[in-house]
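Here our numbering = 1-based position in the sequence shown + 3.
One structure is given below, encoded as structure tokens.
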Amino acid sequence: MSKLIKIAICGPMSGPRKAYGEMLIEESNVLKSNFVQLGYFDDMAQADQAIKIAKEIVSQQYDLVIGHFNSYCSMAVKEIYKTAKIGFISPLSTHPELRLETGGAIFSPSDKNQVRLVVDTALANSRIIYALNDSSEYGRRLTELLMAESKFVQVRQSTAEFAEEEKDQILIFLSGAHCNILNFHKELREIAPDSMIVCCDDCYIEEYQESIKAISNHNDYLVGQPNGHRGSLTTSFEYLKHLICHIGSDDILYDFVGKNIDHYQFLDDGRIESQGFELIPINTF
Numbered sequence: 004m005s006k007l008i009k010i011a012i013c014g015p016m017s018g019p020r021k022a023y024g025e026m027l028i029e030e031s032n033v034l035k036s037n038f039v040q041l042g043y044f045d046d047m048a049q050a051d052q053a054i055k056i057a058k059e060i061v062s063q064q065y066d067l068v069i070g071h072f073n074s075y076c077s078m079a080v081k082e083i084y085k086t087a088k089i090g091f092i093s094p095l096s097t098h099p100e101l102r103l104e105t106g107g108a109i110f111s112p113s114d115k116n117q118v119r120l121v122v123d124t125a126l127a128n129s130r131i132i133y134a135l136n137d138s139s140e141y142g143r144r145l146t147e148l149l150m151a152e153s154k155f156v157q158v159r160q161s162t163a164e165f166a167e168e169e170k171d172q173i174l175i176f177l178s179g180a181h182c183n184i185l186n187f188h189k190e191l192r193e194i195a196p197d198s199m200i201v202c203c204d205d206c207y208i209e210e211y212q213e214s215i216k217a218i219s220n221h222n223d224y225l226v227g228q229p230n231g232h233r234g235s236l237t238t239s240f241e242y243l244k245h246l247i248c249h250i251g252s253d254d255i256l257y258d259f260v261g262k263n264i265d266h267y268q269f270l271d272d273g274r275i276e277s278q279g280f281e282l283i284p285i286n287t288f
């Protein structure tokens, strides 16, 4: 590769979810070279802001975008990039309706895998599922998917609604942004020490683990991939670096993103083949 490649790094660089943006910036260092120009854009994990910066990226003629962790951001901008023939790699988007069949790749399992794991865990432990979300789009979507997966899910609106006699017989699934559901988790661990608490994959981040470990016990779990979000990020950047090294100087990067190459194999929806989600005990961190 001898021509300059322009890569846009997009994610929440500010606000309560900036920990993800910090990881994104750190992992992007692997791309630095004389042939790669990196630009950084803050989508604030908000779809309208993502659209705004996507248009800016198009006007500046970038070759590829990597980031937009929030699924709704990814869904809002994917057609903008596709129309402009800008490659798009979404490392962590889990929305099952997000598909990047052409010019794109996704490096995370979908939320359908996540809720299936929760249901299977409840069955294996003979527990009733209670769902509590932070009222965000993401949190509500996970609750809806969970209810579609099992007819035995009971939804609660607050931690105060958990009855005394149920606490040692239930699995509580907390869904939403990690910064929002942290207090739910802390409150529940105080009033329901014997309840099994499973936090959604957004909580698989050092910031959450550090905040909860002082009061967590053997009944606390996270949904995540074996190497966490950082593992997915690392894989996505390694894939991009591999791709840049293997295309010709006259090739358009968009035409190769999401295509099978060496040990990187993709499904029809653009998701990389992976081991899927696992249930990970918090006290192992």
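Just so it is clear, CB atoms sit at the ideal spot from N, CA and C, and this is done for glycine as well.
Let me check understanding here. Comparing Cα to Cα, which of the options lies closest to residue i?
| i | options | result |
| --- | --- | --- |
| residue 116 | 84, 50, 140 and 226 | 226 |
| residue 219 | 238, 244, 249 and 187 | 187 |
| residue 84 | 58, 43, 189 and 202 | 58 |
| residue 194 | 214, 170, 102 and 203 | 170 |
| residue 159 | 151, 152 and 143 | 143 |
| residue 49 | 62, 40, 151 and 14 | 14 |
| residue 106 | 114, 128 and 91 | 91 |
| residue 240 | 110, 99 and 19 | 110 |
| residue 39 | 275, 252 and 274 | 252 |
| residue 154 | 126, 137 and 136 | 126 |
| residue 46 | 221, 156 and 19 | 19 |
| residue 137 | 249, 203 and 24 | 203 |
| residue 274 | 119, 104 and 128 | 104 |
| residue 269 | 250, 112, 157 and 249 | 112 |
| residue 221 | 283, 255, 277 and 254 | 283 |
| residue 276 | 25, 249 and 235 | 235 |
Of all Cβ atoms in chain C, is any one closer than 8 Å to the Cβ of residue i?
| i | result |
| --- | --- |
| residue 261 | Among the chains of the structure shown, chain C does not appear; only one protein chain is present. |
Would you say residue i and residue j are within 8 Å of each other, going by their C-beta atoms?
| i | j | result |
| --- | --- | --- |
| residue 242 | residue 89 | no |
| residue 231 | residue 108 | no |
| residue 280 | residue 212 | no |
| residue 71 | residue 87 | no |
| residue 149 | residue 121 | yes |
| residue 223 | residue 285 | yes |
| residue 191 | residue 146 | no |
| residue 97 | residue 201 | no |
| residue 43 | residue 60 | no |
| residue 185 | residue 139 | no |
| residue 93 | residue 77 | yes |
| residue 272 | residue 119 | no |
DSSP on residue i, reduced to helix/strand/coil?
| i | result |
| --- | --- |
| residue 14 | strand |
| residue 58 | helix |
| residue 233 | helix |
| residue 9 | strand |
| residue 276 | coil |
| residue 104 | coil |
| residue 40 | strand |
| residue 110 | coil |
| residue 199 | strand |
| residue 191 | helix |
| residue 215 | helix |
| residue 251 | coil |
| residue 90 | strand |
| residue 161 | coil |
| residue 95 | coil |
| residue 223 | strand |
| residue 179 | coil |
| residue 127 | helix |
| residue 283 | strand |
| residue 264 | strand |
| residue 69 | strand |
| residue 184 | helix |
| residue 83 | helix |
| residue 28 | helix |
| residue 48 | coil |
| residue 269 | strand |
Measuring straight from C-alpha to C-alpha, what distance separates residue i and residue j?
| i | j | result |
| --- | --- | --- |
| residue 245 | residue 31 | 13 Å |
| residue 7 | residue 37 | 8 Å |
| residue 237 | residue 263 | 18 Å |
| residue 79 | residue 51 | 8 Å |
| residue 266 | residue 164 | 48 Å |
| residue 35 | residue 141 | 33 Å |
| residue 247 | residue 233 | 21 Å |
| residue 151 | residue 100 | 15 Å |
| residue 216 | residue 199 | 15 Å |
Do the segment 173-181 and the segment 128-146 meet, that is, are 3 or more Cβ pairs less than 8 Å apart?
-> yes
Below 8 Å, can you find three or more Cβ-Cβ pairs linking the segment 179-193 to the segment 207-215?
-> yes
Looking at C-beta atoms only, is the number of pairs between the segment 61-78 and the segment 7-16 that lie closer than 8 Å three or more?
-> yes
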